[in-house]
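Shown next, in the form of structure tokens:
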């Protein structure tokens, strides 16, 4: 499914493709200022909206990670408290204190090991969620970058092809003139070629800024 930004860029490209060429210019076109300003403003508004949407999704994943960590911490604390209570009960109930302490220490050790396992697992899950959120945001921004670069490259190729076609046509015309009057037109043709190429290059220059 196309993004909102891609749709707006498509509208801009379609509009520019339908614009008429300016008189006496092969590289410039006539555009309606209000129309192009409207499309650019719409594009400017869409970019923050999509970035905010990516940030919301990432925040949701971060919140999920925090919930996992908090739940694991609560479970670990409850297990340690239960172990401590059980330890006190063992000490009070058993006549042989040494045996009570051994059992109590084992319960505490087991509870601590299980709590650590839960914390380690929760931390790993949370880190995986965070990395997934970062990758998701980076993929979305990378896709946006590709869309914009493609639009730029597409228009640049279009104008470079036009320049090449004009130069070929100019060379054919000059060659035909030289065949008609080779002695008179040789020097003039060389100067005309240089001036024509320079003029076309000058016309092409400001187009990038537009």
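In the working numbering, the protein residues as written are 94 to 303.
Glycine included, each C-beta is placed from N, C-alpha and C at the ideal position.
All values reported here derive from a predicted model rather than from experimental measurement.
One alpha carbon belongs to residue 251, the other to residue 236, and they sit about 23 angstroms apart. Going by DSSP, residue 124 is part of no alpha helix (DSSP H) at all; its letter is neither H nor E.
Looking from the CA of residue 96, the closest CA among 231, 142, 163, 267 belongs to 142. Closest by C-alpha distance to residue 136, out of 154, 153, 122, 103, is 103. Taking 7 angstroms as the cut-off, the beta carbon of residue 202 is found no closer than this to the beta carbon of residue 161. Pairing residue 129 with residue 168, the inter-Cα distance amounts to about 59 angstroms. Within the same chain, and ignoring the five residues on either side of residue 211 in sequence, the residues whose Cβ sits closer than 7 angstroms to its Cβ are 165, 168, 169.
Rounded to whole angstroms, residue 156 and residue 208 show a C-alpha spacing of 22 angstroms. Beta-carbon to beta-carbon, residue 154 and residue 226 are separated by about 4 angstroms, close enough to satisfy the 8 angstroms threshold.
Excluding sequence positions up to five before and after residue 204, its CB lies within less than 8 angstroms of the CB of 172, 173, 175, 176, all in the same chain and listed in chain order.
For residue 110, the enclosing alpha helix (DSSP H) starts and ends at 97-111. Comparing C-alpha distances from residue 133 to each of 150, 109, 179, 163 shows the shortest one belongs to 109. A distance of 7 angstroms or more separates the beta carbons of residue 119 and residue 234.
Note on geometry: alpha-carbon atoms of residue 145 and residue 199 lie some 51 angstroms from one another. Only exposed fits residue 192, as fewer than 16 other CB atoms lie within 10 angstroms of its CB.
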